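Colleague: Position one of the sequence shown corresponds to residue 7 (the working numbering), numbered consecutively onward.
The C-beta atom is built at its ideal place from N, Cα and C for all residues, glycine as well.
Since the model is a prediction, treat every value here as computed from it, not as a measurement.
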Amino acid sequence: MPTRPFIARFVLMGLLLVATGAALAATDDEPRDWRRWLRMFPNIAPATQPAYLQECGSCHLAYPPGVLPAASWSRLLAPESLADHYGDDASLPDALVAELRGYLMANAADGSARIRERAFAVPGAARSDTGLPRITETPYFIRKHHRIPARLVTDNPEVGSFSQCNRCHIGADRGIFDERQIEIPGLGRWKD
């Protein structure tokens, strides 16, 4: 009878091998790029809270909470910050602000276990003109985008600003910001 557990393990290992091969083959549109299947998964947890997606996502990408530390989200949700939200009035009822604050605080960069989100956990990225935090001014963002010429982003009418993540990062709404999945409008695939 000791052969039954052995056979079951052997069959299970075979099935796992076949499933892995199938996953690799299904995403094999670039020869020798076996890591491509890993890029199908978020490297930053996407925004998922319905109220946040509705209220913030109606004007711009509902940025993943893990791209700013809790202190920055808190500053963004202050009544005076919402009244002048980068030049727009984004004032919200207190109960809704409390709901959004709870979600963003619980999922902020400085409380995350994800490596890429922890890289955004540097407080103090604020511009002097508004004093509001800007993802584009975090050291991690600057380090990842410093080689991209302005003509491809800020001078590109289809993009307009580095804050428009979803214009180039085709998986931004799913939390996928992999550098090999970038399509710059008017240019095509970005190759660093």
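Indicate the three-state DSSP secondary structure (helix, strand or coil) for His151 in the structure shown.
Modeller: Helix, per DSSP.
Colleague: Is Tyr109 closer than 8 Å to Leu138 when the C-beta atoms are compared?
Modeller: Their beta carbons are not under 8 Å apart, which means Leu138 does not touch Tyr109 by this criterion.
Colleague: Pick helix, strand or coil for Pro139, following the three-state DSSP scheme.
Modeller: Here Pro139 sits in strand by DSSP.
Colleague: According to the neighbour-count rule (16 or more other Cβ atoms, all chains shown, within 10 Å of its Cβ), is Cys65 buried or exposed?
Modeller: It is exposed - the Cβ of Cys65 has fewer than 16 other Cβ atoms within 10 Å.
Colleague: Excluding the 5 residues flanking Asp35 on each side, which residues of the same chain have their C-beta closer than 6 Å to its C-beta?
Modeller: Per-residue confidence for Asp35 stands at a pLDDT of 48, beneath the threshold of 50, marking its modelled position as unreliable; no derived number is given.
Colleague: Glu185 by DSSP, collapsed to three states: which one?
Modeller: The answer is coil: DSSP assigns Glu185 none of H, G, I, E or B.
Colleague: Along the chain, where does the alpha helix (DSSP H) containing Ala101 start, and where does it finish?
Modeller: Segment Asp100 to Ala112, the alpha helix (DSSP H) holding Ala101.
Colleague: Whole angstroms is fine: what's the gap from Lys150's alpha carbon to Val17's?
Modeller: If I take the Cα positions, the gap works out to 44 Å.
Colleague: Determine, using beta carbons only, whether Asn172 and Pro191 come nearer to each other than 8 Å.
Modeller: No, Cβ-Cβ distance for Asn172 and Pro191 is not below 8 Å.
Colleague: Tell whether a beta-carbon distance below 8 Å holds between Pro70 and Ala96.
Modeller: No. Outside cutoff.
Colleague: Is Gly177 helix, strand or coil when you go by DSSP?
Modeller: If DSSP states are grouped into helix, strand and coil, Gly177 belongs with the strands.
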